[in-house]
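Novice: Line by line, the protein sequences are chains X and Z. Sequence positions in the first sequence follow my numbering and run 38 to 379. Sequence positions in the second sequence follow my numbering and run 243 to 532. One structure coming up, written as structure tokens, with questions to follow.
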Amino acid sequence: MSPTATESPSSADQLASRKHTPIERVQHILHRNPALSPLLVLVLAVIVFGIVADNFLRPEALSLMVQQMAVVGALAVGQTLIILTAGVDLSIGMAMVLASLVMAKLNADQGVPGFIALLIGIVVAILTGLLNGILVTRINLPPFIVTLGTFSIFTAISLLYAQGQTVTLDPDAFLLVTGKTISIGSVSVTWGVLLMLLLYLVVGFALSYTAWGRHLYATGDDAEASDLAGIDTKRVRLSAYVVAGIAVGIAAWIVCGRVGGADPNAGLNYNLLSITAVVIGGTSLFGGRGLVVGTLIGALIVQVFQSGLALAGVDPNYQVLATGILVILAVSVDQWIRRVKA
Amino acid sequence: MSTAAASEPTSSDASATQPDRSGRATTTSATETPVLEATGLVKMFGRVVGLRGVDVRLFPGEVLAVIGDNGAGKSTLIKCLSGAMIPDEGTLKVDGQDVRFRATQDARVAGIETVYQTLAVAPALDIASNLYLAREIRRPGFAGSVLRMLDTKAMRKHASEHIADLGITTLQNIDQAVETLSGGQRQIVAVARTGAFGSKVVILDEPTAALGVRETAQVLRLVRDLRDRGLGVILISHNMPNVFETADRIHIQRLGGSAGVISPKTHTMQDAVAIMTGAATVDEQDQTLR
Chain X
38 MSPTATESPS SADQLASRKH TPIERVQHIL HRNPALSPLL VLVLAVIVFG
88 IVADNFLRPE ALSLMVQQMA VVGALAVGQT LIILTAGVDL SIGMAMVLAS
138 LVMAKLNADQ GVPGFIALLI GIVVAILTGL LNGILVTRIN LPPFIVTLGT
188 FSIFTAISLL YAQGQTVTLD PDAFLLVTGK TISIGSVSVT WGVLLMLLLY
238 LVVGFALSYT AWGRHLYATG DDAEASDLAG IDTKRVRLSA YVVAGIAVGI
288 AAWIVCGRVG GADPNAGLNY NLLSITAVVI GGTSLFGGRG LVVGTLIGAL
338 IVQVFQSGLA LAGVDPNYQV LATGILVILA VSVDQWIRRV KA
Chain Z
243 MSTAAASEPT SSDASATQPD RSGRATTTSA TETPVLEATG LVKMFGRVVG
293 LRGVDVRLFP GEVLAVIGDN GAGKSTLIKC LSGAMIPDEG TLKVDGQDVR
343 FRATQDARVA GIETVYQTLA VAPALDIASN LYLAREIRRP GFAGSVLRML
393 DTKAMRKHAS EHIADLGITT LQNIDQAVET LSGGQRQIVA VARTGAFGSK
443 VVILDEPTAA LGVRETAQVL RLVRDLRDRG LGVILISHNM PNVFETADRI
493 HIQRLGGSAG VISPKTHTMQ DAVAIMTGAA TVDEQDQTLR
């Protein structure tokens, strides 16, 4: 700090005050806006597929894509909450299948009115979340193991309950409302899509603007520091699983509308697709970092790749390949962003 | 262990930060009662003695350092004071009122804030959010009480005011994520948080352990600022120069018991180390400092 030091700054001072390199600036921007890199990927993918596949940008094709991603989109909201707490839910797809079977079977076999059947189905979905949450927070088991176990349990209960049969509902049933479309010109949207978007709005609001959301981020970020700061981290984590259960219930309603009933064998792909959407959407698997908007974009990316490759006439196996590459890329970008420096 | 009531601090410097209890009739009542007083704290871990009847008195507007070798019971003592551990025996008083802490939250409600060495902050959250973590300002009315909506603007505003108030110049952008800060800046955020909620006592567990020289100086300056605002500060540290530079009194732990309380004015670092290791004891005259 001598006067001469200010006249001729040392090399260390020069290093300290140097401008960020362009790459570091990108890193900083991505660090501040976790949904930005998935958005770029989505825009790029839409442009590329728009050029490669003639039908891709037609309103009908785009509408169908959004309808197809509604179930994964709704499930991924719940998955985002759990991953934000540094957990993971491998059972989420099977929980949805179980809830949708309860809804459809109560309505079709027992003659329970559609609305009541829906509510009971949502309660079942919340109970699956509560079970996972209690096992994780009260018995202190790792979320991976808990949900691996409940995945099998929910699968078995679903198959036993449905006796391996799919349930078909009357086309006019209340439960199938989510599959009905509203058309504006050649753009058609199902009620299920609107329901999914509403779910994103509500959960996104809660995460960004409420004390609960702040505590959820803090808990996933550093559970011990949050505990010491006075946050009841066990309760916060339990609440994430319970709210995820509500998302599962809504996803179950949407899936009823999509398949016209309930199918006990439908859940396998949804487990991993929901995690894929969250991870591609820029939410960190280590918790505490991410946005539901990113998850929505992530779910859209997965769908755009699947539909785009299909419309381009590529072997369906390449769709799976592309999804895999995207996941690894997304996690690599996340790791890089986390190493951000001042 | 002599009882706390029998001893009086004979503060030689008689500064404003050192309560002068000899002139009971003339001193103001604010400096009379210890803000935090522990008497006869005992903590056993099975048959291992953690604390063997330790007395601590902390007055408003002073920095009390706690030093001691590894295993001397520093951490156990601090945990008992901050509610992280429940002592088997002994009493705690805050402002002369008996208290019992069953959890850290109880201590916090009573005005005792603790900063832990490593686990101070949530890295991905910004500075304002960290200052208000678990004590967020909510919006007025329905939005705040039922929806638990945050008043982000108010938190940012108060946070930057508080930071400016403490004379902290190293934190420029209140929206900056804590993980982009240096270790010293993070620790400053953690220490600043303790002063933000009308607390009376701040306990700092090795706040400078991982910091460089300049960062250490910044944190210690902040510690003195908190003291000058009338807070009682307990500083646990291994760093003797830091302790002697910052503390008004020094409580020395040895083998689970208190080896005495000394003043940096009357004792040297060599004295402190000698007492810490058992090579010397605190003289009768100095013992009254307790």
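Don't be surprised by glycine CBs; every beta carbon is placed ideally from N, CA and C. Note that this is a predicted model, so its numbers are computed, not measured.
Using a Cβ cut-off of 7 Å, which residues of the stretch 381-402 of chain Z contact any Cβ in chain X, in chain order?
Specialist: Leu389, Arg390, Met391 and Leu392
Novice: Are the beta-carbon atoms of X/Phe188 and X/Leu135 separated by less than 8 Å?
Specialist: Position 151 of the first sequence, counted from the first residue, corresponds to residue 188 of chain X. Position 98 of the first sequence, counted from the first residue, corresponds to residue 135 of chain X. Not in contact: X/Phe188 and X/Leu135 (Cβ atoms no closer than 8 Å).
Novice: What residues in its chain sit with their C-beta under 7 Å from that of X/Tyr237, if we drop five residues either side in the sequence?
Specialist: As a first step, residue 237 of chain X must be located in the first sequence, where it is residue number 200. Contacts found: Val114, Val329 and Leu333.
Novice: Determine whether the Cβ of X/Arg272 lies closer than 8 Å to any Cβ atom of chain Z.
Specialist: Sequence index remark: in the first sequence, residue 272 of chain X carries index 235 (1-based). With 8 Å as the cut-off, X/Arg272 does not count as an interface residue toward chain Z.
Novice: On the DSSP bridge assignment, give the partners of Z/Met391 in chain order.
Specialist: Taking the first residue of the second sequence as 1, we reach residue 391 of chain Z at position 149. The partner list for Z/Met391 (beta bridge, DSSP) reads X/Thr247.
Novice: For Z/Pro345 and Z/Gly313, what's the separation of their Cα atoms in angstroms?
Specialist: As a position in the second sequence, residue 345 of chain Z is number 103, starting the count at 1. As a position in the second sequence, residue 313 of chain Z is number 71, starting the count at 1. In the sequence as presented, Pro is not what sits at residue 345 of chain Z; that position holds Ala. Roughly 23 Å between the two C-alpha positions.
Novice: Whole angstroms is fine: what's the gap from Z/Lys442's alpha carbon to X/His65's?
Specialist: Here residue 442 of chain Z is taken as the residue at index 200 of the second sequence, counted from 1. Here residue 65 of chain X is taken as the residue at index 28 of the first sequence, counted from 1. So the two alpha carbons sit approximately 39 Å from each other.
Novice: Z/Ala406: which of Z/Gly425, Z/Ala434, Z/Met391 and Z/Leu389 sits nearest, CA to CA?
Specialist: What you label residue 406 of chain Z is simply residue 164 of the second sequence in a count that begins at 1. Out of Z/Gly425, Z/Ala434, Z/Met391 and Z/Leu389, Z/Ala434 has the C-alpha closest to the C-alpha of Z/Ala406.
Novice: By DSSP, does X/Ile120 sit in helix, in strand, or in coil?
Specialist: In the first sequence, the residue the question calls residue 120 of chain X occupies position 83. X/Ile120 falls in the helix class under three-state DSSP.
Novice: Under 7 Å, CB to CB, which of the residues in the stretch 317-348 of chain Z have a partner in chain X?
Specialist: Thr346 and Gln347
Novice: Classify Z/Arg289 as buried or exposed, calling it buried when 16 or more other Cβ atoms lie within 10 Å of its own Cβ.
Specialist: Residue numbering aside, residue 289 of chain Z sits at position 47 when the second sequence is read from its first letter. It counts as exposed.
Novice: Please decide whether X/Ile374 counts as near chain Z, where near means a Cβ-Cβ distance under 8 Å.
Specialist: Translated into positions along the first sequence, residue 374 of chain X becomes position 337. It does not; no Cβ of chain Z falls within 8 Å.
Novice: Cβ closer than 8 Å: which chain Z residues qualify as neighbours of X/Trp249?
Specialist: Along the first sequence, read from residue 1 onward, the residue named residue 249 of chain X stands at position 212. The contacting residues are Arg390.
Novice: In three-state DSSP terms, what is Z/Lys546?
Specialist: The first residue shown for chain Z is 243 and the last is 532, placing residue 546 of chain Z beyond what the model contains.
Novice: If you follow the alpha helix (DSSP H) that X/Asp382 is part of, which residue opens it and which one closes it?
Specialist: Outside the shown range of chain X (38 to 379) lies residue 382 of chain X, about which nothing can therefore be said.
Novice: Cα-Cα, which of Z/Gly426, Z/Asp467, Z/Ala438 and Z/Leu468 is closest to Z/Arg456?
Specialist: The residue given as residue 456 of chain Z occupies position 214 in the second sequence. Looking at the Cα atoms, Z/Gly426 is the closest of the given residues.
Novice: Taking the Cβ atom as the reference point for each residue, do X/Gly345 and X/Phe93 lie within a distance shorter than 8 Å?
Specialist: Walking along the first sequence from the start, residue 345 of chain X turns up at place 308. Walking along the first sequence from the start, residue 93 of chain X turns up at place 56. Yes, the pair counts as a contact, with Cβ atoms nearer than the cut-off.
Novice: Can you say whether X/Phe152 is buried or exposed, counting buried as having 16 or more other CB atoms within 10 angstroms of its CB?
Specialist: Walking along the first sequence from the start, residue 152 of chain X turns up at place 115. The C-beta of X/Phe152 has fewer than 16 other C-beta atoms within 10 Å across all chains shown, which makes the residue exposed.
Novice: Thinking C-alpha only, which one of Z/Ile504, Z/Gly498, Z/Ser500 and Z/Ser371 is nearest Z/Arg491?
Specialist: Translated into positions along the second sequence, residue 491 of chain Z becomes position 249. Checking every option, the nearest Cα to that of Z/Arg491 belongs to Z/Ile504.
Novice: Answer with yes or no whether the minimum CB distance from Z/Ala376 to chain X is below 8 Å.
Specialist: Numbered from its first residue, the second sequence carries residue 376 of chain Z at position 134. It does: the Cβ of Z/Ala376 has a partner Cβ on chain X nearer than 8 Å.
Novice: How close, in whole Å, do the beta carbons of Z/Ala396 and Z/Ile379 come, if the pair is a contact with beta carbons under 8 Å?
Specialist: Within the second sequence, the letter at position 154 stands for residue 396 of chain Z. Within the second sequence, the letter at position 137 stands for residue 379 of chain Z. About 5 Å separates the two Cβ atoms, so the contact holds.
Novice: Which of the three DSSP states, helix, strand or coil, is assigned to Z/Val535?
Specialist: There is simply no residue 535 of chain Z to check, as chain Z begins at 243 and stops at 532 in what is shown.
Novice: Under 8 Å, Cβ to Cβ, is there at least one residue of chain X near Z/Val363?
Specialist: Position 121 of the second sequence, counted from the first residue, corresponds to residue 363 of chain Z. Yes - at least one Cβ of chain X is within 8 Å of the one on Z/Val363.
Novice: Show which residues of chain X have a CB atom less than 7 Å away from the CB atom of Z/Arg350.
Specialist: For the purposes of this step, residue 350 of chain Z is identified with residue 108 of the second sequence, where counting begins at 1. Ordered by position in chain X, the residues that pass the 7 Å Cβ test against Z/Arg350 are Gly267.
Novice: Beta strand (DSSP E) containing Z/His509: first to last residue?
Specialist: Position 267 of the second sequence holds residue 509 of chain Z. Counting along the chain, Z/His509 falls outside any beta strand (DSSP E), and DSSP gives it neither H nor E.
Novice: Residues of the stretch 313-338 of chain X with a CB closer than 8 Å to any CB of chain Z: list them in chain order, please.
Specialist: Result list: Gly325 and Arg326.
Novice: Suppose you measure from the CA of X/Asp264 to the CA of Z/Thr458; what does that come to, to the nearest Å?
Specialist: What you label residue 264 of chain X is simply residue 227 of the first sequence in a count that begins at 1. What you label residue 458 of chain Z is simply residue 216 of the second sequence in a count that begins at 1. Those two C-alpha atoms are separated by around 26 Å.
Novice: Give the range of the alpha helix (DSSP H) segment to which X/His65 is assigned.
Specialist: Working through the first sequence from its first residue, we reach residue 65 of chain X at position 28. Unbroken alpha helix (DSSP H) run through X/His65: Pro59 to Arg69.
Novice: If the cut is a Cβ gap below 9 Å, which residues of chain X does Z/Ala459 touch?
Specialist: Translated into positions along the second sequence, residue 459 of chain Z becomes position 217. Under the 9 Å cutoff, chain X gives no residues; its nearest Cβ is about 13 Å from Z/Ala459.
Novice: Indicate whether at least one CB of chain Z lies closer than 8 Å to the CB of X/Tyr246.
Specialist: Taking the first residue of the first sequence as 1, we reach residue 246 of chain X at position 209. It does; some Cβ of chain Z falls within 8 Å.
Novice: Is any heavy atom in the ligand ATP found nearer than 7 Å to the beta carbon of Z/Val284?
Specialist: For the ligand ATP, the structure offers nothing, since it holds no ligand at all.
Novice: X/Met140: buried (16+ other C-beta within 10 angstroms of its C-beta) or exposed?
Specialist: If you number the first sequence from 1, residue 140 of chain X lands on position 103. Buried, because 16 or more other Cβ atoms sit within 10 Å of the Cβ of X/Met140.
Novice: Is there a C-beta anywhere in chain X that falls below 8 Å from the one on Z/Ala366?
Specialist: Sequence index remark: in the second sequence, residue 366 of chain Z carries index 124 (1-based). Output row for Z/Ala366: interface = yes.
Novice: Counting only beta-carbon separations shorter than 8 Å, does Z/Thr422 have a partner in chain B?
Specialist: Looking at the structure shown, chain B is missing, and the protein chains on hand are X and Z.
Novice: X/Val264 by DSSP, collapsed to three states: which one?
Specialist: Here residue 264 of chain X refers to the residue found at position 227 of the first sequence. The sequence shown places Asp at residue 264 of chain X, not Val. DSSP places X/Asp264 in helix when its eight states are reduced to three.
Novice: So, using beta-carbon positions, are X/Ala277 and X/Ile119 closer together than 8 Å?
Specialist: Your numbering for residue 277 of chain X matches position 240 in the first sequence. Your numbering for residue 119 of chain X matches position 82 in the first sequence. Yes, these two residues count as a Cβ contact at 8 Å.
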